[in-house]
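Trainee: Dropping the structure in here first, questions after.
2 protein chains.
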Amino acid sequence: MQEKSKDIKGITISKEKDFSEWYSELIQKAELADLRYNIKGFICYLPWSVISIKLMYKRYEEVLEKKGHLPLIMPSLIPESNFLLEAEHVKGFAPDVFWVTETGDGQKLPERLALRPTSETALYKMYSYWVRSYNDLPFKRYLSCQVWRAENTKATRPFLRAREFHWIEAHNVFATLADAEAQVKEDMETSYELCQEEFAIPIMFFQRPEWDKFPGAVHTYAADALMDSGKVIQLPSTHLLGQNFSKPFNVTFTDKDGKQKFGYLTCYGPAISRIYGAMAAILGDDKGLVLPFELAPYQVVIVPILFKDSTDKVLKQCSAIEKELSVKYRVFFDKREVSAGEKFHEWELKGVPLRIEIGPKDLEKEQAIVVNRQTGKKSAVKLSAISKHVDSVSKEYTKSLKQKKMAGFKGYTVDCDNIEEVREAVDNKKMARAGFCSIDLDGAECAAEIEKSLGASVRGKLVDEEKHKFKKCCVCGKPAGETVYIAKSY
Amino acid sequence: MQEKSKDIKGITISKEKDFSEWYSELIQKAELADLRYNIKGFICYLPWSVISIKLMYKRYEEVLEKKGHLPLIMPSLIPESNFLLEAEHVKGFAPDVFWVTETGDGQKLPERLALRPTSETALYKMYSYWVRSYNDLPFKRYLSCQVWRAENTKATRPFLRAREFHWIEAHNVFATLADAEAQVKEDMETSYELCQEEFAIPIMFFQRPEWDKFPGAVHTYAADALMDSGKVIQLPSTHLLGQNFSKPFNVTFTDKDGKQKFGYLTCYGPAISRIYGAMAAILGDDKGLVLPFELAPYQVVIVPILFKDSTDKVLKQCSAIEKELSVKYRVFFDKREVSAGEKFHEWELKGVPLRIEIGPKDLEKEQAIVVNRQTGKKSAVKLSAISKHVDSVSKEYTKSLKQKKMAGFKGYTVDCDNIEEVREAVDNKKMARAGFCSIDLDGAECAAEIEKSLGASVRGKLVDEEKHKFKKCCVCGKPAGETVYIAKSY
Chain W
211 MQEKSKDIKG ITISKEKDFS EWYSELIQKA ELADLRYNIK GFICYLPWSV ISIKLMYKRY
271 EEVLEKKGHL PLIMPSLIPE SNFLLEAEHV KGFAPDVFWV TETGDGQKLP ERLALRPTSE
331 TALYKMYSYW VRSYNDLPFK RYLSCQVWRA ENTKATRPFL RAREFHWIEA HNVFATLADA
391 EAQVKEDMET SYELCQEEFA IPIMFFQRPE WDKFPGAVHT YAADALMDSG KVIQLPSTHL
451 LGQNFSKPFN VTFTDKDGKQ KFGYLTCYGP AISRIYGAMA AILGDDKGLV LPFELAPYQV
511 VIVPILFKDS TDKVLKQCSA IEKELSVKYR VFFDKREVSA GEKFHEWELK GVPLRIEIGP
571 KDLEKEQAIV VNRQTGKKSA VKLSAISKHV DSVSKEYTKS LKQKKMAGFK GYTVDCDNIE
631 EVREAVDNKK MARAGFCSID LDGAECAAEI EKSLGASVRG KLVDEEKHKF KKCCVCGKPA
691 GETVYIAKSY
Chain C
211 MQEKSKDIKG ITISKEKDFS EWYSELIQKA ELADLRYNIK GFICYLPWSV ISIKLMYKRY
271 EEVLEKKGHL PLIMPSLIPE SNFLLEAEHV KGFAPDVFWV TETGDGQKLP ERLALRPTSE
331 TALYKMYSYW VRSYNDLPFK RYLSCQVWRA ENTKATRPFL RAREFHWIEA HNVFATLADA
391 EAQVKEDMET SYELCQEEFA IPIMFFQRPE WDKFPGAVHT YAADALMDSG KVIQLPSTHL
451 LGQNFSKPFN VTFTDKDGKQ KFGYLTCYGP AISRIYGAMA AILGDDKGLV LPFELAPYQV
511 VIVPILFKDS TDKVLKQCSA IEKELSVKYR VFFDKREVSA GEKFHEWELK GVPLRIEIGP
571 KDLEKEQAIV VNRQTGKKSA VKLSAISKHV DSVSKEYTKS LKQKKMAGFK GYTVDCDNIE
631 EVREAVDNKK MARAGFCSID LDGAECAAEI EKSLGASVRG KLVDEEKHKF KKCCVCGKPA
691 GETVYIAKSY
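Taken in sequence, the protein lines are chains W and C.
Heads up, the first sequence is in the numbering used here, so the first residue is 211 and it goes up one at a time.
Heads up, the second sequence is in the numbering used here, so the first residue is 211 and it goes up one at a time.
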């Protein structure tokens, strides 16, 4: 499962010293993506990332379906006229749209077609047909698809910010505002359940300030994960759209009282390819990728240690173990003609959770050496107990990965009383927690000041609201209306 | 899982009498797709089709991976300059390309970007980086993705011919022509294994005539399925590309002898959304959809027959059966407040393989009525034996569906000695088998004559070649070089 076996060398840059360079090396050397495709910001995802991404999609789809969402497949193109119906939305997305304007040999289309940057304006036109009565509600659907955003002014970064990315969007209609608000809560729970528990990425959910909402939303709630660079990255966000889209798109239903009413909408957008990038970045170390056990393309590799006389015996034992473990796990028995050292190196780079080494000396002792990628720990395990050992590691691996990262995450927040303290915090790769005048539009000026002088942004107020402890806004000094978090971001 | 419960009425048109209208009603009334999206030829796939389509993708991906293909995710956009590298290919596809020419507020792109109509010209540019040495071969990759083709001159038809469709493309590189030819055979086997055995669609594989090859291919081998309309539809095709693409795209490898050589390429394109449409069209009947057991969104529905006094008892028994069967099957216990008759009707329309009815009289006899969608047969089954009964039906359901259709398929071929006999056959909704001068380019004129005077096309020669029994070409009367099949097509 390698694109070019001979070029593999280890990562040469320390994650702590230069996160950005380390990440670039990781992408290339663990063979996660190839950036040489000849359109700027469009990349090729290689098998080693695609296999995990597909597993992440599968889990997300299972959980969404369990929570009552049904799948749809929608056109990728959106007529410009749909797109124009919601004013805030078009203002937010229009600058980044890729437009299809012609077919074949320059035959102009009657109307420009947008490559969907997000699907609200494709879907809600149809929702106006599909939603009829209170019996149809809640109406919960999702798409697994890709979206395109030109974002000409922003630097792209593989997985984290690309011009085409792969996500899920769930779009729901409810009879009441309270139902819609409950959905937003459910979406946040889903994010914790998957991103944090299963993918081992510690996240915090913020209510975004008014000036940083999804275009057209009433409120936006977004998860931020903190990278080792000290910058945060936005992971899934969920949006309370209220009736902002149901009105222009005429998404109405006949209620129990016989009256026509506008539905309350929500949408939720976990960007799987971006979550993958964040996961690789956050969990990886100076040896390369580290992956949750359940998402690793190979969960176990078996490396034979070969000497002339014992080759057959060793290979036979490896085969037996491969057969035994393959019933439950994705196992690769690495028989390639390269040195055992090179193999160790490569599978560490690619983040395979467990490596089993068997040589003639091990055979004598009826054991194998099992190496844990996460801890680096080597265990001599009796051959008869290998399966049990893998079972036991597999149960704990992702949990302990998560706990380690959660512990680190907590120390990253620094309380700040004024802008100088905020500056010090973000320059030291921390997240600042501070008083802020307001996250309504009247706080925008203070946020702009932070952006301008610190290159950082106000992420919003924590959803699981803490007690206010700050008296003043860290910028203008007016009474603090909120406690906010401030960080540099991708 | 219904988009608008109140509008459902049965299909009003006989499949035999008017296949085309029957198909349109099926799509609408079984809620497979909505055609009201406001771009011509772009449709919304509804949950009832999407769930099956996802299961079909899953099976296809499993089988391809088992046969050594690894997944990739590639950009959807292809620079015009890539696209121009293979002359035949560009000639074949350029008229149907949707072009992205600008972003945002009319900012022109430096180069037009094609929405991929197929991915050869995106991939092979990268293959030239990825394939280096004989050690990398065979190099087998696949994409699960969508493609776009404007096809302005052709009528669209939901699932069967759309301007955006969802498929898999597998693209492989080999060291020798023989290896590439073996891959083409494997692709045909995969098609039989999935389309015919699992999806119950009888297919025949043809080597397409030279004038009907994939643009840029050495040979094209395509499966045709015969619809009840008498028209055939092309299902998966596999293409021997030889070195036609490896040369312009520079896909080379260092062979064992140290020499640089051009790889031999193949590609295979099962169009899942189209296969779904063909399956729905071929298996369906005048009551609606019929589905292979494994692909049905619900495999079993349970409908309680309720009378005042026994409601609780009946519901309780239904719940118990739901619980028992849900361990192995996708089960829906239909508790909705509509009449049992309406429910029967709806689930027949949607092709649920088994319906279990339980009423008070059944309870007295400790039985349930189990109705088989395919045969219409009703069986009284002891409650204690329900699970066994479902197990036994589930094992045979798809097989018997396939056998029934295969039997019908065979009678559809008619031997013809001259063009008048061919005309009679195709007008009678049959496939004509006839002698033909040549499927090389020198036969193109006779094929054009058939196209012009009969509205039918030469599908090519059967891959599992039969003995030649025809002496003369059915058009020009010259000695028959081949036995070909002629049919009207979608």
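Where is the CB? At the ideal position from N, CA and C, for every residue including glycine.
1) Which word fits D346(W), buried or exposed, when buried means at least 16 other C-beta atoms lie within 10 angstroms of its C-beta?
2) Listed in chain order, which residues of the region 310-327 of chain W have Cβ atoms closer than 9 Å to some Cβ of chain C?
3) Please look up how many angstroms separate the CB atoms of I515(C) and I566(C), rounded, as I've assumed it's under 8 Å.
4) Compute the beta-carbon to beta-carbon distance between A351(C) and H279(C), rounded to the nearest angstrom, for a pair I have assumed lies under 8 Å.
5) Quick check on A297(C): does DSSP put it in helix, strand or coil?
6) Closer than 8 Å, CB to CB, is L294(W) near chain C or not?
7) With a Cβ-Cβ cutoff of 8 Å, do L323(C) and V341(C) count as a contact?
8) Whole angstroms are fine: how far does the CA of C254(W) sit from the CA of K239(W)?
9) Look at the alpha carbon of L651(C) and the alpha carbon of A657(C), and state the distance between them as a whole number of angstroms.
10) Closer than 7 Å by beta-carbon distance: list the chain W residues that pair up with L672(C), in chain order.
11) Does L282(C) get closer than 8 Å to chain W when you measure Cβ to Cβ?
12) Which residues, taken in chain order from the region 366-382 of chain W, show a beta carbon closer than 7 Å to some beta carbon of chain C?
13) So that I know if they touch, is there some Cβ in chain C lying closer than 8 Å to that of I485(W)?
14) What residues of chain C sit near N362(W), judged by a beta carbon separation below 8 Å?
15) Does the CB of N248(W) have a neighbour CB from chain C at under 8 Å?
16) Identify whether R269(C) lies in helix, strand or coil by the three-state DSSP scheme.
17) Quick one: complete alpha helix (DSSP H) runs, 4+ long, within the region 516-591 of chain C?
18) So that I know if they touch, is there some Cβ in chain C lying closer than 8 Å to that of L308(W)?
19) How close, in whole Å, do the beta carbons of Q527(W) and L564(W) come, if the pair is a contact with beta carbons under 8 Å?
20) Chain D partners of I261(W), CB-CB under 7 Å?
21) Is H299(W) buried or exposed, if buried means 16 or more other CB atoms sit within 10 Å of its CB?
22) So, for S291(W): in the same chain, excluding its five sequence neighbours on each side, which residues have a beta-carbon less than 8 Å away from its beta-carbon?
23) Is L376(W) buried or exposed, if buried means 16 or more other CB atoms sit within 10 Å of its CB?
24) Would you call the region 404-416 of chain W and the region 348-364 of chain W in contact, with 3 or more CB pairs under 8 Å?
25) Using a Cβ-Cβ distance under 8 Å, would M336(W) count as near chain C?
26) Just list the residues that DSSP pairs H376(W) with in beta bridges.
27) Is it true that the CB of K441(C) sits closer than 8 Å to the CB of L499(C)?
28) Output the distance between the C-alpha atoms of S224(W) and E231(W), rounded to the nearest integer angstrom.
29) Taking the alpha-carbon of D244(W) as reference, which of I263(C), N248(C), K227(C) and K335(C) has the nearest alpha-carbon?
30) Taking the beta carbon of F517(C) as the centre, do at least 16 other beta carbons fall within 10 Å, making it buried, or is it exposed?
31) Going by the DSSP bridge assignment, what does K478(C) pair with across the sheet?
32) With 8 Å set as the bound, which would you pick, yes or no: does the beta-carbon of A304(W) sit closer than that to a beta-carbon of chain C?
33) Using alpha carbons as the reference points, say which of S529(C), S447(C) and G586(C) lies closest to F554(C).
34) What is the C-beta distance between A644(W) and V694(W), in whole angstroms, given that I count them as a contact (C-beta under 8 Å)?
35) For L282(W), which residues from the same chain have a beta carbon less than 6 Å from its beta carbon, with the 5 sequence-adjacent residues on both sides left out?
36) Of all the options K277(W), G653(W), V632(W) and G670(W), which has the alpha carbon lying nearest to the alpha carbon of A392(W)?
Mentor: Based on what the coordinates show:
1) buried
2) Taking 9 Å as the Cβ-Cβ cut-off against chain C, the residues of the region 310-327 of chain W that qualify are V310, T311, E312, T313, G314, D315, G316, Q317, L319, E321, R322, L323 and L325.
3) Between I566(C) and I515(C) the Cβ distance is about 11 Å, and since that is not below 8 Å, they are no contact.
4) Here the sequence assigns Arg to residue 351(C), which means Ala is not the residue at that position. Contact holds; Cβ gap of about 6 Å.
5) helix
6) no
7) no
8) 14 Å
9) 10 Å
10) Correct list: empty, because the minimum Cβ distance to chain W is about 34 Å.
11) It does: the Cβ of L282(C) has a partner Cβ on chain W nearer than 8 Å.
12) E374 and H376
13) Using a Cβ-Cβ cut-off of 8 Å, I485(W) does not count as an interface residue toward chain C, since no Cβ of chain C sits closer than that to its own.
14) T313, G314 and Q317
15) yes
16) R269(C) carries a helical assignment under DSSP once its states are collapsed to helix, strand and coil.
17) Qualifying alpha helix (DSSP H) stretches, in chain order: 521-536, 550-559 and 570-574.
18) Here residue 308(W) is Phe; the residue named in the question, Leu, does not match the sequence. The Cβ of F308(W) sits closer than 8 Å to at least one Cβ of chain C.
19) Contact doesn't hold; Cβ gap of about 17 Å is too wide.
20) The structure shown has no chain D; the protein chains it does contain are W and C.
21) buried
22) If we look at S291(W) and ignore the five residues flanking it on each side, its Cβ neighbours are E321.
23) Reading off the sequence, residue 376(W) comes out as His, not Leu. It is buried - the Cβ of H376(W) has at least 16 other Cβ atoms within 10 Å.
24) no
25) So, interface residue.
26) Q356(W)
27) no
28) 9 Å
29) K335(C)
30) The residue is exposed, with fewer than 16 neighbouring Cβ atoms inside 10 Å.
31) Before going further, note that residue 478(C) is Tyr rather than Lys in the sequence given. The partner list for Y478(C) (beta bridge, DSSP) reads A380(C) and T448(C).
32) Yes - at least one Cβ of chain C is within 8 Å of the one on A304(W).
33) G586(C)
34) 6 Å
35) R351 and L353
36) K277(W)
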